[in-house]
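Here the working numbering = 1-based position in the sequence shown + 19. By construction, the Cβ of each residue, glycine as well, lies at the ideal position given by its N, Cα and C atoms. Here the structure comes first, spelled out in C-alpha cells, and everything after it is commentary.
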Amino acid sequence: MTASIVWQRRRAAAAGVWRQFSANRGGLAGLGLLALIVALAVLAPVLTDEAALDVTNAPGRPLQPPSVEFPLGTDVDGRSVLLLTLWGARVSLLVGFAATALSVLIGTVVGLAAGHFGRWVAAILLRFTDFFLVLPSLVLAIALSAVLPQGVATIILAIGVTAWPTTARLVRAQTLTIESRPYIERARALGAGHAHVVGKHVLPGVLPLVLANTTLVVGNSIITESVLAFLGLGDPNTVSWGSMLQRALGSGAVTGGAWWYLLPPGLAIVVIVLCFTLVGRALEAVVNPRLAGGAAPRGRDTKDRSGAGAPRKTGERS
C-alpha cells in the first residue's frame, strides 16, 4: 500500500514537471529536434550503407557539388557528405553522452562528499576542485589526448575527467542548502546515518538540478570533442563532425569554395548544442521557478524600492 502511494506521488510529480516543461516552447522545440537527430543517428546503419564510408567504395567524384544523387555533395574522396554527417552524429553523440555521464558522476560524488561531510574532507576536495578549475579544461583534455592512445575511449576519458569541477561546485552548494533544512536535523536526531541522509534526503533533492545541468554539459562535451578531432587528436578510423571539419580544411575545401563540405558538420554542431541549451534552460526553469519569472512567494508583501506601501511602525515619523 505504501509503495503504491509513493509511485502515485512520483507519477504525479513527473506529470507536473512535464506540464511545466511543455509550457516552454523553446525547450519543447529543442527536445523534438534533439529526438529527431538522435533517432537519425541510431538508425543510420538501417537507413544507409556503411560500406560507402570506405574510400575504396566511394560512389562519386571528389568535391562534387550538391545534386539529386548527393544532396549535400561529396567530400575529397568522393563520399557522400550527407552519409558522413549522419555517421558523424553517432560518434559525436556517443562521446557527448558518455563523457557527460563520467563528468557528472565524478562531480556529483565529489560535491556530495564535500557538502555532507565538511571539515577536512571538504577542504581537501575543494582544493582538488580548485586545481581543475584554475587550469583550462580544454588544455588538459588536449594533453591527455596527446599522451594516451588515440581512440574514442581516450576522448571520452579526457573530457570526462576534466569537465566535472563545475558540477561538483553546483552539487556542493545544493547539498549545503538541503542539509540546513529542519527535516535533516530530525532524521539525524532519530539516528539516521550518513547513507540514509544522503541516499534518502540529499540525493533526491540534488538530482533535478544535476539533470538540468547535465543537458548543458552534453553540449559542451560535443564542442570539446569536435575541437579535439579538429586538432587531429580523435580516432582516425571513425567519422565525427570535428574530423570532417579537420579533413575539409586539410583538403583545401575552404580555398576551393567547397562550402557543402564545411557547412553540414558545422551547422550540425551548432544545432545540436542549441537543442541541448534550450532543453537545459527549460529544465532549469522547472527546477528553479524564479528563472521563469514566477510570482513572488506567498506570505511576503511586495513593495517597491522606495518602500511605498510598507507598514509603518508605531511612532514612526512620516
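Spatial neighbours of Thr104 in its chain, beta-carbon cut-off 8 angstroms, leaving aside the 5 residues before and after
Leu91, Trp260, Met263, Pro283, Pro284, Ala287
* Asked: Going by the beta-carbon positions, is the gap between Gln193 and Gly134 smaller than 9 angstroms?
  -> yes
Q) DSSP beta-bridge partners for Ser99? A) Thr93
Apart from the five residues on each side of it in sequence, which residues of its chain come closer than 6 angstroms, Cβ to Cβ, to Cys294? Gly49, Leu52, Leu53
Could you please give the first and the last residue of the uninterrupted alpha helix (DSSP H) stretch that includes Asp149?
-> 138-153
(request) Let me know if Arg28 comes out buried or exposed under the rule of 16 or more other beta-carbons within 10 Å of its beta-carbon. (result) exposed
Item to check | Spatially closest choice to Asn256 from Val237, Val306, Ala172, Leu268, by CA coordinates | outcome: Ala172
The alpha helix (DSSP H) enclosing Pro283, as first and last residue numbers:
278-306
So, helix, strand or coil for Leu163, using DSSP? helix
query = In angstroms, rounded to a whole number, what distance separates the CA positions of Leu159 and Asp254?
reply = 18 angstroms
For Gly107, the nearest candidate out of Leu59, Leu131, Pro81, Leu154 (CA to CA): Leu59
**Prompt:** Out of curiosity, what's the CA-to-CA distance linking Arg38 and Leu152?
**Reply:** 36 angstroms
Cβ-Cβ distance between Glu198 and Val229 below 9 angstroms:
no
To the nearest angstrom, report how far apart Ala156 and Ala182 are at their CA atoms.
The displayed chain sequence assigns Ser, not Ala, to residue 156. Roughly 6 angstroms separates the two Cα atoms.
Exercise. Thr181 by DSSP, collapsed to three states: which one?
Worked result: coil
Problem - Counted within 10 angstroms of its Cβ, other Cβ atoms place Asp94 as buried (16 or more) or exposed - result: buried
For the 8 angstroms Cβ check, are there 3 or more pairs between the segment 242-254 and the segment 297-305?
-> no
How would you label Tyr202, buried or exposed, when you count the other beta carbons within 10 angstroms and need 16 or more for buried? exposed
Practice item. State buried or exposed for Leu66, treating a residue as buried only when at least 16 other CB atoms are found within 10 Å of its CB. Key: exposed
For Leu252, three-class secondary structure by DSSP: coil
| Around the Cβ of Ile125, are there at least 16 other Cβ atoms within 10 angstroms (buried) or fewer (exposed)? | buried
Open item on the list: Quick check: is any heavy atom of the ligand SAH less than 8 angstroms from the C-beta of Phe150?
Closed with: This structure lacks the ligand SAH, and indeed carries no ligand of any kind.
* **Residue burial classification, Arg98 (beta-carbon count within 10 angstroms, cutoff 16)** => buried
Point to revise | Cα-Cα separation between Leu47 and Ile291, rounded to whole angstroms | key: 14 angstroms
Exercise for review: State the DSSP-derived secondary structure class of Ala118, mapped to helix, strand or coil.
Suggested key: helix
For Arg191 versus Ala141, is the C-beta spacing smaller than 9 angstroms? yes
TODO: Indicate whether the contact test is met: 3 or more Cβ pairs, each with one atom in the segment 79-91 and one in the segment 206-220, closer than 8 angstroms.
DONE: no
Practice prompt. Kindly list the residues whose CB is nearer than 7 angstroms to the CB of Thr119, restricted to its own chain and excluding five residues on each side of it in sequence; keep chain order.
Written response: Thr233, Val236, Val237, Ser240
Rounded straight-line distance, which links the Cα of Ala272 to that of Arg266: 9 angstroms
If we ignore side chains and look at the alpha-carbon of each, how far apart do Gly210 and Pro223 end up? 20 angstroms
Status (buried if at least 16 other CB within 10 Å, exposed otherwise) for Thr75: exposed
(Q) Are the CB atoms of Leu297 and Ala165 within a distance shorter than 9 angstroms? (A) no
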